[in-house]
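Data first, discussion second: the structure below is written as structure tokens.
Chains as they are written, first to last, in this note's numbering: chain A, 28 to 266; chain B, 28 to 266.
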């Protein structure tokens, strides 16, 4: 996937915070080509001059029409929260659509269109699209915040369910370490005159099992042992 | 996964818009239990009274400390944009961590902690966590907007890479339809006195191939044919 082949196109965006948020998410995920179509100009200027405005925003291109903003793209995808029954277009869930876009970006440019905060994309905007993308929200509250919708789409492009699970460097304590903890805990219990110690024959085993269930990490074994030993020392001193 | 077992916990949130955005994303994806710890009170009140504030926000619970906010949770996960080298904790990428959280939510409560906009979670906040979660952003610009970070985490919980790809109801045009289009286009070309028609023997095949590459949909075949026929009619009238 070539990140610079994706154009994020905000159509009729009205809120400078949303334009800024879209640019920030792009920067977070490594996308750089932001285009705004017919923005509310004050909003666009406000967003650009905001503290912490990203270089993505500084390089954003302004267009008068969708036609111009998507001219160099061979795939045009619109985003919508509307259910399939009201649409003339093929509608794909984000998980599936993102795969198709990712594939397309290896060879061609793709425009991803987001409509205005209030109304979304118009029918005319959508007529430029090859198909539509839908974030699987609840039907009862389908309409997403613009900045969040952009962020989620971009995340879906870059996320990798097959990313290798990083092996945890922390290893579990060895049986020898666990046994030392078990013995020291028993010593502490004896020093504390813990009542069950003398009545239950299986108590030693019960303590051993509970220590194993704790999943003590190797680096923590000495730390725990030290604490127990200190308590043993204190209790035996009191006798 | 039981959605109501997840608690989204915003620690030291300062911006009412972010609190509102977090609540909106929760509502979009079907999560309802929002908790705020030590919020800037004006911000919390502003967020609650904002136009379009969700029922999630109305039901949000306020706590003084992280300890109280996570008391009923058996898994506590913190979010961070910091790289692994600076952390005392095990750090998991969102794609992997979300699977673990989803699994946990089938039997126990999980708290997902988000820190303040400026500083993220403190070391003390993190010490309550079993492990940490990281959205795979660019290293050069790792810090995400709070509302967007919440939205992406929740999306990763509900998204389903194995969601069945909805079969496209639109079917491709049949060969008979395509051949009718091909013939009518050739007729139109003849009527227009298109020059190549008479010089190239393979022209007929070339037109047939280009029509096949168009992936004309079944419902569009008649529409296209009608347009071509009208043009043929107009051109032949002029003779």
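From the three backbone atoms N, C-alpha and C, an ideal C-beta is built for every residue, glycine too. Remember, predicted model here, so these are calculated numbers, not experimental data.
Practice task
Identify every residue that forms a DSSP beta bridge with residue 106 (chain B).
Solution key: B:160
Problem - Under 9 Å (Cβ pairs) to chain A, residues found in the region 53-77 of chain B - result: 54, 55, 56 and 57
Exercise for the section: Note down, in chain order, all residues in the region 160-179 of chain A with a beta-carbon under 9 Å from any beta-carbon belonging to chain B. Expected result: 162, 163, 164, 165, 167, 168, 169, 170, 171, 172, 174, 175, 176, 177, 178 and 179
Exercise for the section: Measure the alpha-carbon distance for residue 71 (chain B) versus residue 63 (chain A) and round it to whole angstroms. Expected result: 32 Å
Handout entry: Spatial distance of residue 173 (chain A) from residue 141 (chain A) (CA atoms)
Key = 8 Å
Problem - Three CB pairs or more closer than 8 Å across the region 83-91 of chain B and the region 119-135 of chain B - result: no
Exercise for the section: Compare the C-beta of residue 208 (chain A) against all C-beta atoms of chain B and say whether one is closer than 8 Å. Expected result: no
Problem - Segment limits, beta strand (DSSP E) that includes residue 33 (chain B) - result: 33-38
Practice task
Using 10 angstroms around the beta-carbon of residue 51 (chain B), count the other beta-carbons present and answer buried if the total reaches 16, otherwise exposed.
Solution key: buried
Handout entry: Contact with chain A by residue 186 (chain B), beta-carbon distance below 8 Å
Key = yes
Handout entry: Euclidean distance between Cα positions of residue 134 (chain B) and residue 213 (chain A)
Key = 33 Å
Practice task
Tell me whether residue 69 (chain B) is buried or exposed, calling it buried when 16 or more other Cβ atoms sit within 10 Å of its Cβ.
Solution key: exposed
Problem - Strand pairing of residue 141 (chain B), partner residues [DSSP] - result: B:37
Exercise for the section: Look at the alpha carbon of residue 61 (chain A) and the alpha carbon of residue 34 (chain A), and state the distance between them as a whole number of angstroms. Expected result: 6 Å
Handout entry: Candidates B:122, B:58 and B:227: closest to residue 160 (chain B) by CA position
Key = B:122
Practice task
Measure how close the beta-carbons of residue 245 (chain A) and residue 200 (chain A) come, nearest whole angstrom, since I'm counting them as under 8 Å.
Solution key: 5 Å
Handout entry: Residue of B:225, B:176, B:233 and B:215 minimising C-alpha distance to residue 263 (chain B)
Key = B:215
Practice task
Name, in chain order, the residues that DSSP records as bridge partners for residue 60 (chain A).
Solution key: A:34
Problem - Contact set between residue 120 (chain B) and chain A, taken where Cβ atoms lie within less than 7 Å - result: 190
Problem - Neighbourhood of residue 230 (chain B) by C-beta, 8 Å cutoff - its chain only, sequence neighbours within 5 removed - result: 223 and 224
Problem - Chain-ordered neighbours of residue 51 (chain B) on chain A, where CB pairs are closer than 7 Å - result: 172
Handout entry: Interface positions of the region 37-48 of chain B facing chain A (Cβ-Cβ less than 8 Å), listed along the chain
Key = 44 and 48
Practice task
Find the nearest neighbour of residue 236 (chain A) within the set A:259, A:116, A:209 and A:219, judged by alpha-carbon distance.
Solution key: A:209
Exercise for the section: Pair every Cβ in the region 252-263 of chain A with every Cβ in the region 39-49 of chain B, then say whether three or more of these pairs are closer than 8 Å. Expected result: no
Problem - Sub-8 Å separation of residue 65 (chain A) and residue 171 (chain B) beta-carbons - result: no
Exercise for the section: Can you tell me which of the three DSSP states residue 175 (chain A) falls into? Expected result: helix
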